[in-house]
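Below: the structure, in structure tokens.
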Amino acid sequence: MTNPESVYIVAAVRTPIGSFGGSLSSLSATTLGSLTVKHALDSIQLNPTTVDEVFFGNVLSANNGQNPARQVALGAGLPNSVPCTTINKVCASGMKSISLAAMSIASGNAHVVVAGGTESMSNVPFYNNSQRFGSKFGHVELVDGIIKDGLFDVYNKFLMGEAAEICASEHNISREAQDDYAIQSYTRAQAATKNHIFDDEIVPVTIKGSRGKPDVIITSDEEVPNLNEQKMRAMKPAFRPVGGTVTAPNASTLSDGAACLILMSGTRVTELGITPLAKVSGWADAAKEPERFTEAPSLAIPKALKHAHLADKDIAYYEINEAFSVVSLANMKILNISPDRVNIYGGAVSMGHPLGCSGARIVVTLLNALNKTNTKNGCAAVCNGGGGASAIVISRL
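If you want the working numbering, it's the position in the sequence shown, counting the first as 1, plus 167.
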């Protein structure tokens, strides 16, 4: 039985995650987002006119056009009357979209809200800062939009990987431990793929064939099969040539993808006769020094649990976004969470990390994990550049 004042998840889907320059690179971020929204609506036969609002995350918005969330919504067939807001909280954008949707419903401002996130890192442009007024003398530099707006700490003037190295050093997490964790992420994701675990959450994406070639239907995450354990352990550090522990393969990969959830008030669930999947029990944000964003989930998770009136003992499984292997390792260590309760189907290291999508993607996967294991409560958390993190608690019905 639903509570009229509670917030429920009634649909949760995602695209497969495409590799950088890979299977989904021909599609824009807004197109990927529209695909998930349309499929989410269709999965519960929900009339688009019942949607009151849209929150959608997108980080690397350059060249996507005005308000990507609005494009996502109209592309999925939502009416012009639905207000849409694009959220940029870096890697936590998709999750913050969900919590804002929950707040909108809990406050009585809306009954049905679409939330999620999308990113096409493959289509992010380079910037030419001198082009507008011309360069009168000397070389002209192109600025990589992915680095500039997604992967660079503007306060300390270094790449996110340097923060991961700080985390590894301060928490005594070795290169071997990070490689071991990355290998585990791949093997878990490979097992989940083989056993069709992701089938219930993935929306197949059709790529139109060109020059008479047949269409290609993408149904699985592109990076997952690509584990080479020997090569991973031999890889040189990516950020600190001497003494570094963070490498390209024990960090997440640049990727493309989208995820969408539909949230609904208990009142509207009853009126429409829809069977909810889970209740949004709590949410929270937290922050600390920008260079220690990697540890911020350890602050957000307890806040979210408190908001949900739950404790760690009540949580069956966690999803902690694997921006780097060291992120999950550090937060498990700080909060004393057993590895067998975290990212049981793998994570961003093996699946990919489309920045604006991942916060929503891990909630979709967490719900799937609760369903597959017949358990009740789960918590998802994601760190974000600048020192922040978001967390959300869901309770399966």
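The beta carbon of each residue, even a glycine, is placed where N, CA and C say it ideally should be.
Please state the DSSP three-state secondary structure of residue i.
i	result
Ala344	helix
Asp423	strand
Ile529	helix
Gly410	coil
Ile211	coil
Val204	helix
Val291	coil
Gly440	coil
Ile487	strand
Ala445	strand
Lys599	The chain is shown from 168 up to 564; residue 599 falls before or after that span and cannot be answered.
Ile265	helix
Ile482	coil
Glu390	coil
Ala236	helix
Pro506	helix
Asn538	helix
Thr169	coil
Tyr402	Checking the sequence shown, residue 402 turns out to be Met, not Tyr. Coil, per DSSP.
Leu227	coil
Met192	First, the residue type needs correcting, since residue 192 is Ser and not Met in the sequence shown. In the structure shown, Ser192 sits in coil (DSSP, three-state: anything other than H, G, I, E or B).
Ser465	helix
Leu245	coil
His474	helix
Gly523	helix
Based on the DSSP output, what are the partners of residue i in its beta bridges?
i	result
Arg459	BP columns for Arg459 are empty, so no partner.
Met431	Tyr175, Val279
Ala556	Ala453, Cys550
Arg127	Residue 127 is absent from the model: the chain starts at 168 and stops at 564.
Val221	Cys251, Val281
Phe187	Beta-bridge pairing links Phe187 to no other residue.
Gly513	Ile511
Ile561	Val447, Gly545
Lys256	Cys258
Ala418	Phe491
Glu286	Gly424
Ile385	Val372
Would you tell me roughly how many angstroms separate the C-alpha atoms of residue i and residue j, rounded to the nearest one?
i	j	result
Ser192	Ser422	9 Å
Ile333	Asn339	10 Å
Ser304	Gln298	It is Phe, not Ser, that sits at residue 304 in the sequence shown. Phe304 and Gln298: Cα-Cα distance of roughly 12 Å.
Ile561	Ser302	53 Å
Glu172	Ile184	35 Å
Val530	Phe300	45 Å
Leu194	Ser289	9 Å
Arg387	Arg400	The question names Arg, yet the displayed sequence has Ser at residue 387. Distance between the alpha carbons of Ser387 and Arg400: 26 Å.
Asp452	Ile501	17 Å
Tyr512	Tyr484	11 Å
Ile429	Gly411	42 Å
His474	Ile468	10 Å
Thr373	His206	13 Å
Leu241	Thr253	13 Å
Ala229	Lys480	43 Å
Arg563	Thr542	7 Å
Ser190	His476	42 Å
Val383	Ile364	22 Å
Leu439	Ser210	14 Å
Ala268	His278	9 Å
Leu208	Ala282	12 Å
Glu458	Lys375	43 Å
Cys251	Ile265	13 Å
Cys380	Gly188	Here residue 380 is Lys; the residue named in the question, Cys, does not match the sequence. Using only the alpha carbons, I get a separation of about 20 Å.
Cys546	Gly514	14 Å
Gln238	Thr360	31 Å
Thr169	Val280	17 Å
Ala331	Val413	7 Å
Ser377	Gly275	48 Å
Gln397	Asp346	10 Å
Does any residue of chain D have a CB that is nearer than 9 Å to the CB of residue i?
i	result
Ile468	Among the protein chains of the structure shown there is no chain D, as only one such chain exists.
The stretch 413-427 touching the stretch 489-501, judged by at least three CB pairs closer than 8 Å: yes
In chain order, each beta strand (DSSP E) run of at least 3 residues that lies wholly inside the stretch 295-383: 372-374
At least three beta-carbon pairs within less than 8 Å, the stretch 215-235 to the stretch 445-458: no
Cβ contact check for the stretch 178-185 and the stretch 397-415: 3 or more pairs under 8 Å: no
The stretch 317-325 / the stretch 381-393 touching (three or more Cβ pairs under 8 Å): no
contact_flag[the stretch 195-206, the stretch 424-434] where n(CB pairs < 8 Å) is 3 or more: yes
The stretch 450-469 in contact with the stretch 547-556 per 3-pair CB rule at 8 Å: yes
The stretch 256-275 touching the stretch 519-535, judged by at least three CB pairs closer than 8 Å: yes
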